[in-house]
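In the working numbering, the protein residues as written are 191 to 556.
Virtual Cβ for every residue (Gly too), placed ideally from N, Cα, C.
Keep in mind it's a predicted model, so treat the numbers as computed, not measured.
Shown next, in structure tokens, is the structure this report addresses.
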């Protein structure tokens with residue numbers, strides 16, 4: 191028995207492959223599809239047998255659509271199943287109450303509709319309130335149509351009985367209560383999800399960013415480059431990689447202290463972030479080494495840009511505790527050849543970097 195329950199749970203919770211989908215909404219839509227399919231089928235067959243062929247056919251068609259939505263929910267974004275489900279419930283409510291009557295309870299479908307809308311995380315709280323008012327207006331309209339036709343100027347119906355009045359008052363009151371409870375918990379849930387989203391974004395940023403320089407860390411850059419390599423397997427990628435190193439950085443630490451070294455690294459990181467804006471990505475590769483990735487630029491273009499950056503950086507004075515520190519950098523450039531990874535490209539750029547180091551530093555080698 192426990193094994194069967196476990197398999198049922200796994201069935202409802204199986205991923206649909208969409209990263210940002212709410213697991214709760216996915217499970218809820220699937221459960222409702224499973225519960226409502228036999229209900230719609232049985233009610234449809236019964237209505238057809240009672241010569242209500244039009245409404246009966248609507249319910250039978252709804253059952254077929256619900257089964258389709260159930261299996262579709264395993265491969266598409268859940269919103270593509272959510273709104274058809276809402277539409278089915280709305281249409282069966284509207285036509286059933288209009289053509290069959292209030293007394294059979296088809297208006298209760300509105301409770302399912304409003305609860306589904308209230309717990310959809312993709313909808314804003316303002317939009318959810320609007321849906322509640324629309325649902326209440328529809329409920330009142332259906333009540334007037336079925337029980338108080340004498341209020342409508344185009345009818346000559348007799349006044350409704352007092353028990354019919356109590357029935358309508360109960361329906362409207364409980365609908366308002368459901369909306370109030372749902373809105374309260376939806377607001378709490380939405381606020382909690384927003385805080386969780388912000389917290390997760392901070393965690394992602396902390397996990398992918400070097401805390402000192404503000405640049406991407408090595409692991410994050412490696413993941414990014416692998417994605418680029420996967421996208422450009424056909425050899426059409428134009429990507430250029432540059433390895434950069436601060437010249438005589440050890441001398442800075444030995445002369446001014448490690449705090450001065452951190453100060454220099456932080457400022458170099460800011461310079462690289464500004465320089466790489468709109469051109470590509472920059473990462474702290476390790477120690478005083480940096481990896482720069484230029485998209486849609488060839489080696490010659492990157493050489494010109496980096497040489498200008500090198501000259502500008504060499505003319506800048508870094509002031510740390512009233513001490514002027516002059517910094518130079520050496521760069522090695524290599525063009526990506528659309529191979530399965532960037533490993534060889536980075537090695538080529540690294541070799542050219544050390545060639546520049548051995549030939550006097552403060553230069554760009556391509």
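Where does residue i sit, in a helix, a strand or coil, going by DSSP?
i           : result
residue 554 : strand
residue 402 : coil
residue 490 : helix
residue 515 : strand
residue 215 : helix
residue 228 : helix
residue 499 : helix
residue 548 : helix
residue 542 : helix
residue 265 : coil
residue 455 : helix
residue 200 : helix
residue 206 : coil
residue 386 : helix
residue 412 : helix
residue 312 : coil
residue 317 : helix
residue 240 : coil
residue 294 : coil
residue 407 : coil
Taking the Cβ atom as the reference point for each residue, do residue i and residue j lie within a distance shorter than 8 Å?
i           : j           : result
residue 210 : residue 264 : no
residue 256 : residue 297 : no
residue 431 : residue 539 : yes
residue 415 : residue 532 : yes
residue 457 : residue 451 : no
residue 545 : residue 435 : no
residue 325 : residue 359 : no
residue 515 : residue 446 : yes
residue 468 : residue 483 : no
residue 472 : residue 406 : yes
residue 315 : residue 417 : no
residue 466 : residue 522 : no
residue 429 : residue 510 : no
residue 219 : residue 268 : yes
residue 301 : residue 245 : no
residue 495 : residue 478 : no
residue 493 : residue 554 : yes
residue 274 : residue 260 : no
residue 249 : residue 241 : no
residue 474 : residue 400 : yes
residue 203 : residue 217 : yes
residue 222 : residue 287 : no
residue 306 : residue 318 : no
residue 409 : residue 476 : no
residue 437 : residue 262 : no
Determine the extent of the beta strand (DSSP E) in which residue i is found, giving its start and end residues.
i           : result
residue 136 : The requested residue 136 is not part of the displayed model; the chain covers only 191 to 556.
At which residues does the alpha helix (DSSP H) containing residue i begin and terminate?
i           : result
residue 444 : 439–446
residue 273 : 269–289
residue 262 : 243–262
Quickly, what does DSSP pair residue i with across the bridge? List them, please.
i           : result
residue 532 : In the DSSP output, where bridge partners are listed per residue, residue 532 has none listed.
residue 432 : 482, 523
residue 299 : Answer is none; residue 299 lacks a bridge partner.
residue 421 : None; residue 421 has no bridge partner.
residue 470 : 484
residue 476 : 479
For the pair the region 267–287 and the region 233–252, tell me if three or more CB-CB distances fall below 8 Å. yes
Discussion item. Under 8 Å, with one C-beta from each stretch per pair, do the region 449–466 and the region 497–510 reach the 3-pair mark?
Written reply: yes
Touching or not, the region 211–224 and the region 307–320, by the rule of three or more beta carbon pairs under 8 Å?
yes
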